[in-house]
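Residue numbers (our numbering): 573 to 854.
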């Protein structure tokens, strides 16, 4: 069963990556992402209700590590949808205040759930039998009201809290990116000598993001002191491309099961092949 779940999750991540890169309109992107994620979660529920977990440990693993990855995506895209639908019309000052207020809401949730945050982030497991087994709960642990309305055959007392933590991480990145874009919106580029030939990035955005992170990690720009956002903005400018939420895409790249550095590996193989065939190329 776990293998089936992992397969559904991998396919979902691929679909969401495609949507994030191909649909520029944030509202439409969220609508499509929610639609796809709901279908994936419905398939997930059918699998769980049809099969039995082999052990309590497997059940805990599912509700602590796997199901939250589906639910967190629904929370994330739904929250971004609401944030953008309620976004006020106004100048940079108004927008900065609005997005900063949304960040404060995330902090408020963090403060309210501080004990569970510490438990989950520290990798603790001594309360997993209460938090992530169906039918096991303790009213003294301050349960969210939603738990009493949730399907007890497909929910535990805290799997939603884990999903909320994962979603909040992504929402924070989104809001911080928005604030950075606002701060740089009025920045006027200095005149500079332009090359005779205009180069366009014709590979995927994911590949460019992977390259940017590699350059930043190796510290090959500005003696290693260049900020990641500065590098990303530079590439966006010279290639006239919108990388969107590149930090979120990197999280997905990092989650790849096989060949995490797919583009870098392809570059390495191509260059080695060229070196081997050097005599034929000169």
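For each residue, glycine too, the CB sits at the ideal point set by N, CA and C.
Everything numeric in this text was worked out from a predicted model, so none of it was measured.
DSSP state of residue i mapped onto helix, strand, coil
i           : result
residue 674 : helix
residue 664 : helix
residue 932 : Examination of residue 932 is not possible in this model, given that the chain is present from 573 through 854 alone.
residue 587 : helix
residue 642 : helix
residue 605 : helix
residue 578 : helix
residue 843 : helix
residue 738 : helix
residue 789 : helix
Nearest-angstrom Cα separation, counted from residue j out to residue i
i           : j           : result
residue 830 : residue 838 : 14 Å
residue 802 : residue 577 : 38 Å
residue 573 : residue 584 : 17 Å
residue 644 : residue 846 : 44 Å
residue 614 : residue 771 : 45 Å
residue 623 : residue 816 : 39 Å
residue 749 : residue 800 : 12 Å
Cβ shell of residue i (< 8 Å), same chain only, five flanking positions each side left out
i           : result
residue 566 : Here the chain comprises residues numbered 573 to 854, so residue 566 is not present and cannot be evaluated.
residue 602 : 649, 650, 652, 653, 656
residue 724 : 706, 707
Cutoff 7 Å; reference residue i; Cβ partners in own chain excluding five residues on either side
i           : result
residue 773 : 780, 811, 813
Close Cβ partners of residue i (< 6 Å) along its chain, the five nearest in sequence each way excluded
i           : result
residue 636 : 704
residue 788 : 800, 803
residue 588 : 605
- Message: Pairs of beta-carbons, one from the stretch 581–593 and one from the stretch 806–821, closer than 8 Å: are there three or more?
- Response: yes
- Query: Is the stretch 672–680 in contact with the stretch 741–749, if contact means three or more CB pairs nearer than 8 Å?
  - Reply: yes
- Message: Is it the case that the stretch 690–706 contacts the stretch 722–738, given that we only count it when at least three CB pairs across the two stretches are under 8 Å?
- Response: yes
- Query: Looking at C-beta atoms only, is the number of pairs between the stretch 679–689 and the stretch 779–786 that lie closer than 8 Å three or more?
  - Reply: no
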